[in-house]
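Quick notes on the structure that follows.
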Amino acid sequence: MVDVLEKLQKSLLQLVSEEGIEGEVKVERWETGSLLLFLYLKTMAAVDLVGRALRSAAVVYQEIQKGRILGQHVNLLKEHVRAAQIKNDLADVLAEAQEELIRGILDREARAVEDEIFGQHDNERLQRIKNSVRLFAELFDKGTTIHPALEMPEEHQAKFPDPKNLESTLSSIKQLESKPASTAAEDNAAAVRTF
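For the sequence shown, the numbering used here assigns the number 1012 to the initial residue and increments by one for each residue that follows.
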């Protein structure tokens, strides 16, 4: 429990203490039972930044879950391979590829948070955002749920992921759309005709 509180405090402080955000982290109330904290972040800019970082953390958490499932299958395959006394590095390659994929998603999500909230790049700030997103994803993995205040305006609540459906949180990063081959060929033909 202390570990969860330390990670939560570290994640929040790294975000809300940014220049221009002017937030602070204050425990307003503490309720026993399932460890319920009511936090005060001071400014709506701090709330929006935390909400957006949590949404990115939910996307990273999804990938961690997928990696865990893949890892279970890979470990099962390793056992079968060992039983057959066949040397195979495929399992290790798959695990490394999954870790690299998670790092890439974390990088892109942190950059998206920085772009959306700050509009300009600062490497130190980006690293703090990345660290907070990673810590939030770890907290989600341990079962932590974070809710916005009920009386918060809807446009601010929308920045937070739905804690009951973290696995279905969509990244706000625009995905490239792939066109069917025939459509792309038709587009190229149309472009050629216009010249």
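Think of the CB as a built atom: it goes at the ideal place given N, C-alpha and C, for glycine as much as any other residue.
Does the distance from the CB of residue i to the CB of residue j come in under 8 Å?
i       : j       : result
Glu1035 : Phe1049 : no
Tyr1072 : Phe1151 : yes
Leu1024 : Ile1140 : no
His1167 : Pro1174 : no
Glu1120 : Ser1182 : yes
Glu1017 : Arg1136 : no
Gln1076 : Glu1178 : yes
Leu1070 : Ile1128 : The sequence given here has Val at residue 1070, not Leu. It is not a contact, given that the beta carbons lie outside the stated cut-off.
Rounded to whole angstroms, how far is the Cβ of residue i from the Cβ of residue j, which I believe are closer than 8 Å?
i       : j       : result
Leu1112 : Glu1149 : Going by Cβ atoms, the distance from Leu1112 to Glu1149 rounds to 17 Å, so no, they are not a contact pair.
Ala1068 : Phe1147 : 3 Å
Ile1157 : Leu1065 : 6 Å
Lys1153 : Gly1062 : Actually they do not touch by this definition, with Cβ atoms about 20 Å apart.
Val1015 : Thr1180 : Contact flag wrong, Cβ pair sits at about 20 Å.
Gln1109 : Gly1130 : About 32 Å separates the two Cβ atoms, so there is no contact after all.
Leu1105 : Leu1081 : 7 Å
State the start and end residues of the unbroken alpha helix (DSSP H) segment that holds residue i.
i       : result
Phe1147 : 1134 to 1152
His1167 : 1165 to 1168
Lys1175 : Here Lys1175 belongs to no alpha helix (DSSP H), and DSSP marks it neither H nor E.
Glu1017 : 1013 to 1027
By the DSSP assignment, the beta strand (DSSP E) with residue i in it spans what residues?
i       : result
Leu1047 : 1047 to 1051
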